[in-house]
Structures are given as C-alpha cells and as structure tokens.
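Everything below concerns the one structure shown next.
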Amino acid sequence: MNLIIERLPEINQAMLETFAMIAVAIPLAVLLGTPLGIWLFVHAPDGLAPRPRSHALVSGVVNMIRSFPFLILLIAIIPFTRFVVGTSVGTAAVIVPLTINAIPYFARLVEQNITQLGSGAVEASRAMGATRAQIIRNVLLVDAKPGLIGSITITTVSFISYSAMSGLVGGGGIGDLAIRYGYYRYETPTMIAAIVLMVLLVTLVQFTGTRLARASDRRITA
C-alpha cells in the first residue's frame with residue numbers, strides 16, 4: 001500500500017495520458033470514420049449508388065489498415081508521426097497511429113450497422129420521394145443510432161487496450177506505467193494497480209455505452 005501511495009503522482013499522470021489518447025483518437029475516429037462507413041455502404045455493389053470499382057479500392061485500403069497489428073503500425077509510421085507531431089515518443093506521438101487505426105475500424109462498424117437495418121425503410125423512403133441525403137440523414141442514421149453508440153463503445157474499449165500497448169515504446173499512459181514499474185522494476189503492486197485501473201475504466205465505458213444505446217433505442221423507449 002505504501003508503494004501505491006508513493007506512486008500516486010505517476011499513476012495520476014498515466015491516467016491523464018490514457019484519457020488524452022482516447023479523448024483525441026476516438027472523436028476523430030467517429031468524425032472521420034462515420035462518413036467513410038456511410039460511403040462504403042452507399043457505394044457498395046448493392047448500395048444506394050453502386051460504384052463497384054472505387055468501392056473495391058477504398059474497401060481494400062480500409063481492410064489493409066485494419067489488418068495491421070497496432071504495434072507494427074505504431075513503428076511503421078514513425079516518420080509520419082514525427083512529421084505530424086514533431087516526435088515519435090510520448091502521448092502525442094501515440095495518438096497519431098491510434099487515430100489512423102481507429103478510423104477504418106470504426107468505419108467498418110458503421111457500415112455493418114447500416115447494412116443490418118435492411119432495405120425496407122430505404123425502399124419506403126424512396127417511394128415517398130426522399131433524396132439520397134435525406135435517406136441517409138433521416139432514416140439510416142436515425143435507425144442505426146443505438147448500434148452506432150454501441151460501436152463507439154466497442155471502439156473505445158478496444159483502443160483503451162491499444163493505448164496500453166503503446167507503453168512498450170514509451171508512449172505513456174497506464175500501459176507505460178505497468179511496464180516501467182511493474183515489469184522492469186518488479187513492482188507487483190504497481191502492476192496490479194495499473195490492471196485494476198484499466199479494468200475499471202473499461203467497465204465504466206462499457207456500462208455507460210450500454211445505457212446510452214438502450215436509451216436511444218426507440219424499440220425499447222417506445
């Protein structure tokens with residue numbers, strides 16, 4: 001217990017760094033991944049406006065980025081990261097690969113959520129003369145809202161884990177704390193504290209996301 005108290009400043013700093021990574025990467029993933037996911041749905045071979053060739057190209061790029069293990073991506077884009085934030089280590093540097101990895105990850109979830117809605121509402125909207133933009137904005141995104149909130153939750157939980165991996169390259173955050181003190185210095189209590197904090201953080205995110213998704217589901221609230 002005394003060791004944990006002694007490490008409280010480092011633990012607080014690590015938590016702030018983890019929050020910073022997620023607070024930047026996830027909103028950017030939602031902001032950029034949502035239109036990308038909509039584009040993938042709309043221009044799929046059986047979408048609202050099929051573009052098979054361009055869809056195949058964009059889909060291939062999305063799959064390629066998603067297939068990269070995070071640690072490999074983290075190392076592979078070091079020159080780009082250094083160009084963007086001026087350094088290849090630390091919290092700011094980790095945000096770059098986190099965001100790059102999160103955008104296609106979330107885009108696929110958006111595409112799947114919209115695809116799972118089926119074609120009934122789309123066909124009904126078309127019959128009423130709705131434009132493509134109106135169908136996307138007023139039908140698809142509204143009906144997919146609970147699923148999209150669930151997808152944000154899944155993405156956040158996944159990338160909390162990814163942020164912990166960044167500790168292997170001095171990226172800061174809870175993972176870096178666990179490695180520096182728990183692994184290299186054999187401070188088991190510090191390691192346990194880091195694990196408990198990660199579990200609590202993931203549990204809080206999952207609980208909040210589930211409640212918000214249920215609250216936004218018209219089938220439940222109706």
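For the sequence shown, full-length UniProt numbering begins at 1 and goes up steadily by one.
In this text, a Cβ means the ideal position worked out from N, Cα and C, and glycines have one as well.
Nearest residue (CA-CA) to L212, options I160, G175, S151
Per the Cα distances, S151.
Please classify residue 229: does DSSP put it in a helix, a strand, or coil?
Absent from the structure is residue 229, since the part of the chain shown begins at 1 and ends at 222.
Rounded to a whole number of angstroms, what is the C-alpha to C-alpha distance between E6 and E187?
Going from the Cα of E6 to the Cα of E187 covers about 12 Å.
Using three-state DSSP, classify A213 as helix, strand or coil.
Three-state DSSP puts A213 in a helix.
Looking at G147 and N113, is the spacing between their C-beta atoms short of 9 Å?
In this structure, N113 lies near G147, with their beta-carbon atoms less than 9 Å apart.
Going by C-alpha to C-alpha distance, which of G173, R108, V89, I77 sits closest to T155?
Among G173, R108, V89, I77, the Cα nearest to that of T155 is on R108.
Please classify T18 as buried or exposed, where buried requires at least 16 neighbouring CB atoms within 10 angstroms.
Taking every protein chain shown into account, the CB of T18 has 16 or more other CB atoms within 10 angstroms, so this residue is buried.
Starting from the N-terminal side, write out each stretch of the beta strand (DSSP E) that is 3 residues or longer and does not extend beyond the segment 64-98.
Runs of the beta strand (DSSP E) inside the segment 64-98: none found.
Where does R7 sit, in a helix, a strand or coil, going by DSSP?
Assigned with DSSP and collapsed to three states, R7 falls in coil, not helix or strand.
Alpha-carbon spacing of N63 relative to S166, whole angstroms
Taking the straight line joining both Cα atoms gives about 22 Å.
Contact under 9 Å by Cβ, F41 with L140
At the C-beta level, F41 and L140 come within 9 Å of one another.
Below 8 Å on the Cβ atoms is my contact criterion, and I expect L99 with L28 to pass it. Report the Cβ-Cβ distance as a whole number of Å.
Residue identity check: residue 99 is Thr in the sequence provided, not Leu. The beta-carbon distance between T99 and L28, rounded to whole angstroms, is 5 Å. This is short enough to meet the 8 Å contact definition.
Host alpha helix (DSSP H) of E123 (start-end)
Bounds of the alpha helix (DSSP H) holding E123 are 120-127.
With 16 as the cutoff for other CB atoms within 10 Å, does F80 come out buried or exposed?
Label assigned to F80: exposed.
What is the C-beta distance between I135 and L48, in whole angstroms, given that I count them as a contact (C-beta under 8 Å)?
The beta-carbon distance between I135 and L48, rounded to whole angstroms, is 7 Å. This is short enough to meet the 8 Å contact definition.
Between I65 and the rest of its own chain, which residues show a CB-CB distance below 6 Å, the 5 nearest in sequence each way excluded?
Cβ within range, chain order: P104.
Would you kindly check if the distance between the Cβ of G37 and the Cβ of E111 is under 9 Å?
Contact flag set, yes.
Determine the direct distance from the alpha carbon of T203 to that of S125, and round the result to whole angstroms.
Using only the alpha carbons, I get a separation of about 39 Å.
Rounded to a whole number of angstroms, what is the C-alpha to C-alpha distance between A164 and I174?
C-alpha separation (whole angstroms): 6 Å.
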